[in-house]
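Read the structure below first, then the notes.
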Amino acid sequence: MRKKLMIHDFYQMKQGGRKITWLTSYDFPTAQFAEAAGLDMILVGDSLGMCVYGYPGTVPVTMDQCIVHCDAVRRGAPNTFVIGDMPFLSYQTSDEKAVENAGRFLKEANVDAVKLEGGVRAASRIKAIVEAGILVVGHIGLTPQSSGVLGGHKAQGRTADAAKLVVEDALAVQNAGAQMILVEAVPPEVTRFIHQKLSIPVLSIGAGPHCDGQLLIVSDLIGQFQAFTPKFVKKYCNVADVIVKAMSEYCEDVRTGKFPGEEHCYRMIEGEEPKFLKLMQNR
Ligand code: KIV
Numbered sequence: 151m152r153k154k155l156m157i158h159d160f161y162q163m164k165q166g167g168r169k170i171t172w173l174t175s176y177d178f179p180t181a182q183f184a185e186a187a188g189l190d191m192i193l194v195g196d197s198l199g200m201c202v203y204g205y206p207g208t209v210p211v212t213m214d215q216c217i218v219h220c221d222a223v224r225r226g227a228p229n230t231f232v233i234g235d236m237p238f239l240s241y242q243t244s245d246e247k248a249v250e251n252a253g254r255f256l257k258e259a260n261v262d263a264v265k266l267e268g269g270v271r272a273a274s275r276i277k278a279i280v281e282a283g284i285l286v287v288g289h290i291g292l293t294p295q296s297s298g299v300l301g302g303h304k305a306q307g308r309t310a311d312a313a314k315l316v317v318e319d320a321l322a323v324q325n326a327g328a329q330m331i332l333v334e335a336v337p338p339e340v341t342r343f344i345h346q347k348l349s350i351p352v353l354s355i356g357a358g359p360h361c362d363g364q365l366l367i368v369s370d371l372i373g374q375f376q377a378f379t380p381k382f383v384k385k386y387c388n389v390a391d392v393i394v395k396a397m398s399e400y401c402e403d404v405r406t407g408k409f410p411g412e413e414h415c416y417r418m419i420e421g422e423e424p425k426f427l428k429l430m431q432n433r
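Per this note's numbering, residue 151 is the first one in the sequence shown, and the count goes up by one each step.
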């Protein structure tokens with residue numbers, strides 16, 4: 151069994167130029183697969199709203215849902231660094247509320263760190279949570295909880311002025327004390343600049359290769375999420391096809407009497423059947 155990596159290991163990986171591998175997971179079996187595959191970190195993202203519950207976005211996701219899923223993932227991946235994603239309105243309203251909710255992730259689901267969205271605007275929340283002794287991963291660039299303000303799920307930092315704002319967000323996250331940062335949907339040139347400027351590990355989802363590691367949403371990677379596929383996703387398999395094929399074959403087998411077969415049936419203990427039939431004779 152591999153030793154569980156901790157925050158100092160990720161700093162060493164950054165220093166040694168070894169890439170950090172990171173995927174989302176939302177449930178016990180997927181977390182087991184992620185740990186078996188040797189993932190360095192797991193994010194229990196609020197993308198579970200779309201990937202598990204079928205919501206149109208992440209905004210409806212609640213703290214209680216996040217805790218339940220983090221708890222299941224922790225049980226599935228006891229030796230992997232697990233990060234809980236703070237859902238919309240669990241930290242936006244005050245530093246106190248942010249600390250309280252970040253603490254719930256640790257107390258109730260035993261995660262290793264929390265992630266929250268926002269750069270300059272989230273700096274005071276990050277500082278408060280870090281001061282409470284909780285590891286924080288910042289999240290800048292495309293921040294889905296505020297996609298309405300950003301004009302939709304669009305790449306960020308594509309003009310010089312917009313790129314400058316993304317860099318300012320990155321610096322604000324580091325200065326507030328976050329131990330890692332995730333950059334989402336930003337051109338690689340901008341991520342490279344951020345990576346050169348920051349001393350904390352910089353992770354990318356759709357922000358190119360010039361950073362310390364990559365994140366993808368597991369439901370995209372395995373071809374489970376059907377609604378849309380962002381440009382930055384690489385699909386490694388298509389479980390939807392496999393599952394639908396298996397289910398259709400099952401339906402066919404039931405309808406044609408092919409299932410269940412002999413091998414799927416329990417047998418009576420030897421010699422019991424005649425006794426049973428005799429017992430039932432006058433009934
Ligand atoms: O919720 C999530 O999975 C995320 C990723 C989109 C970065 O925050």
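Even glycine gets a Cβ: it sits at the ideal position worked out from N, Cα and C. Fair warning: this is a prediction, and the values are worked out from it, not measured in the lab.
Between the options, which lies nearest to residue i when the distance is taken from Cα to Cα?
{"i": "residue 336", "options": "354, 415 and 285", "result": "354"}
{"i": "residue 298", "options": "156, 338 and 207", "result": "207"}
{"i": "residue 271", "options": "309, 398, 321 and 409", "result": "321"}
{"i": "residue 189", "options": "152, 197, 162 and 417", "result": "152"}
{"i": "residue 391", "options": "404, 375 and 282", "result": "375"}
{"i": "residue 382", "options": "328, 407 and 366", "result": "366"}
{"i": "residue 307", "options": "245, 295, 343 and 161", "result": "343"}
{"i": "residue 170", "options": "350, 416 and 273", "result": "350"}
{"i": "residue 268", "options": "311, 256 and 242", "result": "242"}
{"i": "residue 339", "options": "317, 401 and 295", "result": "317"}
{"i": "residue 283", "options": "311, 300, 378 and 248", "result": "248"}
{"i": "residue 281", "options": "326, 319 and 254", "result": "326"}
{"i": "residue 176", "options": "200, 417 and 295", "result": "200"}
{"i": "residue 277", "options": "245, 301 and 294", "result": "245"}
{"i": "residue 275", "options": "395, 393, 256 and 236", "result": "236"}
{"i": "residue 159", "options": "295, 230, 197 and 426", "result": "230"}
{"i": "residue 386", "options": "358, 173, 168 and 405", "result": "173"}
{"i": "residue 185", "options": "155, 377 and 211", "result": "155"}
{"i": "residue 239", "options": "259, 214, 312 and 202", "result": "214"}
Decide if residue i is buried, meaning its Cβ has at least 16 other Cβ atoms within 10 Å, or exposed.
{"i": "residue 251", "result": "buried"}
{"i": "residue 192", "result": "buried"}
{"i": "residue 285", "result": "buried"}
{"i": "residue 361", "result": "buried"}
{"i": "residue 234", "result": "buried"}
{"i": "residue 409", "result": "exposed"}
{"i": "residue 262", "result": "buried"}
{"i": "residue 309", "result": "exposed"}
{"i": "residue 397", "result": "exposed"}
{"i": "residue 372", "result": "buried"}
{"i": "residue 345", "result": "buried"}
{"i": "residue 165", "result": "exposed"}
{"i": "residue 403", "result": "exposed"}
{"i": "residue 323", "result": "buried"}
{"i": "residue 265", "result": "buried"}
{"i": "residue 364", "result": "buried"}
{"i": "residue 319", "result": "buried"}
Within the continuous beta strand (DSSP E) that includes residue i, where are the two ends?
{"i": "residue 521", "result": "Residue 521 falls outside the range modelled here, since the chain spans only 151 to 433, and no answer is possible."}
{"i": "residue 286", "result": "286-291"}
{"i": "residue 307", "result": "Per DSSP, residue 307 belongs to no beta strand (DSSP E) and is neither H nor E."}
{"i": "residue 355", "result": "352-355"}
Taking residue i as part of the alpha helix (DSSP H), name the residues at either end of that continuous run.
{"i": "residue 420", "result": "Taken as a continuous stretch (DSSP letters only), residue 420 belongs to no alpha helix (DSSP H), as it is neither H nor E."}
{"i": "residue 249", "result": "245-259"}
{"i": "residue 166", "result": "157-166"}
{"i": "residue 315", "result": "310-325"}
{"i": "residue 218", "result": "213-226"}
{"i": "residue 265", "result": "Residue 265 -> not in any alpha helix (DSSP H); beta strand (DSSP E) instead, spanning 263-267."}
{"i": "residue 183", "result": "178-187"}
{"i": "residue 279", "result": "273-281"}
{"i": "residue 238", "result": "Neither: residue 238 is in no alpha helix (DSSP H) and is coded neither H nor E."}
{"i": "residue 340", "result": "338-347"}
{"i": "residue 200", "result": "198-201"}
Please decide whether residue i counts as near chain D, where near means a Cβ-Cβ distance under 8 Å.
{"i": "residue 346", "result": "The structure shown contains no chain D; it holds only a single protein chain."}
Checklist entry - Going along the chain, which unbroken runs of the alpha helix (DSSP H) with 4 or more residues stay wholly within the region 366-418? => result The alpha helix (DSSP H) runs lying completely inside the region 366-418 and spanning 4 residues or more are 368-371 and 389-406, given in chain order.
Checklist entry - Are the region 226-245 and the region 163-180 touching by the rule of at least three beta carbon pairs closer than 8 Å? => result Touching, per the Cβ criterion.
Checklist entry - Are the region 331-351 and the region 290-300 touching, with three or more C-beta to C-beta distances below 8 Å? => result Taking 8 Å as the limit for Cβ pairs, the verdict is that the region 290-300 does touch the region 331-351.
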